[in-house]
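Asks:
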Amino acid sequence: MATPTKLKGVSDRPDPERLLAEALRAQARSAPPAARAPELPPQYGLLSGTGDGALAREQAALEPPTVRHPAVRPKPQPGSLPTHWILLLSVLLGLATGAVIGLITLL
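Here full-length UniProt numbering is used: the first residue of the sequence shown is 1, the next is one more, and so on.
1) Go ahead and pull the three-state DSSP assignment for L92.
2) Given this structure, state the Cα-to-Cα distance separating L81 from K75, to the nearest angstrom.
3) Indicate the three-state DSSP secondary structure (helix, strand or coil) for R57 in the structure shown.
4) Put Q77 into one of helix, strand or coil per three-state DSSP.
5) What's the gap between the Cα of A31 and the Cα of A61?
6) What separation, rounded to the nearest whole angstrom, lies between the Cα atoms of T97 and E63?
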């Protein structure tokens, strides 16, 4: 009986995932220990036990703000043009440019 021959190529190369895993483990072993995260101030505590008003503070933070004054349109600053005037000016400049190009084409 003939013995199966071993294919060269893919099976002879080391597994790239294994090489990457070994490299990451070696890097983790040689890395300095991580610094501890700073402790959060008391207002960032858990809802279940940080104090008497924790739940009330969290509920107030989740509620949408109430509007007490009607929305006031800001006054335009002196020297600024309203949007409709800018649009009208751009349309007129486009028409004038088209007319000039049309005249040059006819000549």
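Where is the CB? At the ideal position from N, CA and C, for every residue including glycine. This one's a predicted model, so the numbers in the text were calculated from it and none came from an experiment.
Replies: Here's the rundown:
1) helix
2) 12 Å
3) helix
4) coil
5) 41 Å
6) 54 Å
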